[in-house]
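Colleague:
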Amino acid sequence: MEFEKISNLSDDELKSEQVKAAEQLFRISFQKSLGNNEGIKKLRTLKLDIARIKTVERQRTLAAEKAANPVVANVAPAKSTRTARKKAKKD
1 MEFEKISNLS
11 DDELKSEQVK
21 AAEQLFRISF
31 QKSLGNNEGI
41 KKLRTLKLDI
51 ARIKTVERQR
61 TLAAEKAANP
71 VVANVAPAKS
81 TRTARKKAKK
91 D
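The opening position of the sequence shown corresponds to residue 1 in the numbering used here, with each subsequent residue numbered one higher.
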């Protein structure tokens, strides 16, 4: 599944797609361990789909956290400690 299609899915649809892909991945890997080599190419695409789904979920949670807790920028920059170190070395 393409990233654009995944990003357009709702949260519930993402969860169901992830469960489906994980189930298929388990079945194919189990068949592979039994010696059945059919569908091995599907393993990589399933892993990529799961990774894409998790990426979209993470992006959404980060966006929600950022909206809930806006970052306040410091008005004044931090003071440098370099001059204090130089004075301490001279003494």
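Backbone N, C-alpha and C define an ideal beta-carbon position, used for all residues, glycine too.
Model, not experiment: these values are computed from the prediction.
What residue does the alpha helix (DSSP H) around LEU43 start on, and which one ends it?
Modeller: Residue mapping note: residue 43 aligns to position 43 of the sequence shown, counting from 1. 40-68 is the span of the alpha helix (DSSP H), which, as asked, contains LEU43.
Colleague: Looking at C-alpha atoms only, which residue of SER7, ARG58, LEU25 is the closest neighbour of ILE40?
Modeller: Translated into positions along the sequence shown, residue 40 becomes position 40. It is LEU25 whose Cα lies nearest to the Cα of ILE40.
Colleague: Taking just the CA atoms, how far does ALA67 sit from GLU17?
Modeller: In the sequence shown, residue 17 corresponds to position 17, counting from 1. In the sequence shown, residue 67 corresponds to position 67, counting from 1. Each residue's alpha carbon lies about 26 Å from the other.
Colleague: Residues in its own chain within less than 7 Å of GLU57 by CB, not counting five upstream and five downstream?
Modeller: As a first step, residue 57 must be located in the sequence shown, where it is residue number 57. Result list for GLU57: LEU14, in chain order.
Colleague: Check for me: the alpha helix (DSSP H) holding SER29 runs from which residue to which?
Modeller: Here residue 29 corresponds to residue number 29 of the sequence shown, with the count starting at 1. Start and end: 11-33.
Colleague: Counting only the same chain and skipping the five closest in sequence on each side, list residues whose C-beta sits under 6 Å from that of ALA21.
Modeller: Sequence index remark: in the sequence shown, residue 21 carries index 21 (1-based). The residues are LEU46, ASP49, ILE50.
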